[in-house]
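Input: a single structure, listed below in structure tokens.
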Amino acid sequence: PTLYASDLTGDELKVYEFVVRRFLACCSDHAVGHETTIEIKLWEEKFTAKGMNYLDVYPYDRWGESNLPNFQKGETFIPTTCEMREGRTSPPEYLTEADLISIMDQNGIEDVIKDSLSMYKDMYIKTNENVQKLIQLENRPNPVNHVHPVQPIRRPFQPSAVATQSGSRQSDHPKCQCGLYAASNKTKSPGVNHGRPYFSCPKAGKKCNFFQWADGGPNSGSGTRRTHTTSDGN
Numbered sequence: 001p002t003l004y005a006s007d008l009t010g011d012e013l014k015v016y017e018f019v020v021r022r023f024l025a026c027c028s029d030h031a032v033g034h035e036t037t038i039e040i041k042l043w044e045e046k047f048t049a050k051g052m053n054y055l056d057v058y059p060y061d062r063w064g065e066s067n068l069p070n071f072q073k074g075e076t077f078i079p080t081t082c083e084m085r086e087g088r089t090s091p092p093e094y095l096t097e098a099d100l101i102s103i104m105d106q107n108g109i110e111d112v113i114k115d116s117l118s119m120y121k122d123m124y125i126k127t128n129e130n131v132q133k134l135i136q137l138e139n140r141p142n143p144v145n146h147v148h149p150v151q152p153i154r155r156p157f158q159p160s161a162v163a164t165q166s167g168s169r170q171s172d173h174p175k176c177q178c179g180l181y182a183a184s185n186k187t188k189s190p191g192v193n194h195g196r197p198y199f200s201c202p203k204a205g206k207k208c209n210f211f212q213w214a215d216g217g218p219n220s221g222s223g224t225r226r227t228h229t230t231s232d233g234n
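Shown next, in the form of structure tokens:
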């Protein structure tokens, strides 16, 4: 964009000139400037002054300068004016909403603002809907009548008798000498009583001598356990 534009006038010419000068400035060498620093000691206090001698840049980016007297190193002089002004610092003012949004926009977090505003908007809509529902419930003639009692999910616990191997319930069994409900079993030895149900002590370890036929037939008793003994050849 370095061609001469003779057909441009006014603001268009200014914009074109800015673009051309910007392009030429980017292609040029780095700008070089000289800075003069003067340190002055007045009694026990030290003062510093800085100024620019020259800087040659394109006119849209000026580096300001200030005129300083021509001092020599170690020179002693009498200042024309020496004032001590009273003052105090003050904290910065609070940021307004416009200032905060402008700073966030300058730091490239505009998307964060959009997401935050969208989230706050959704929260407001949801809260407003809940409030309207509460108002409708309060305006009903008798809101108590519309409340249904909560039904229990589970039935109350009721102890039940444990079924034994034969399918009968322990509450139907007699108690052994240990005071426990007797266990129902069936005889496994061959003979006339094979498969006949009977009651015995339910303990797994040391048992009492309780034995009783479950069918109430002969050879039944309430306090003794029937035992069989065998001998070798007799």
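Numbering follows the UniProt record's numbering, in which position 2 of the sequence shown is assigned residue number 2; successive positions increment by one, without gaps. Virtual Cβ for every residue (Gly too), placed ideally from N, Cα, C.
Asked	Found
Decide if Pro-69 is buried, meaning its Cβ has at least 16 other Cβ atoms within 10 Å, or exposed.	exposed
Could you tell me which residues DSSP puts in a beta bridge with Ser-200?	Ala-183, Phe-211
Can you list, in chain order, the residues of its chain with a C-beta nearer than 8 Å to that of Lys-203? Leave out the 5 residues immediately preceding and following it.	Cys-178, Leu-180
What residues in its chain sit with their C-beta under 8 Å from that of Thr-48, if we drop five residues either side in the sequence?	Thr-37, Ile-38, Glu-39, Ile-40
The alpha helix (DSSP H) with Lys-14 in it runs from where to where?	10–27
Can you tell me the Cα-Cα spacing of Gln-132 and Ala-98, whole angstroms?	33 Å
Helix, strand or coil: how does DSSP classify Leu-42 here?	strand
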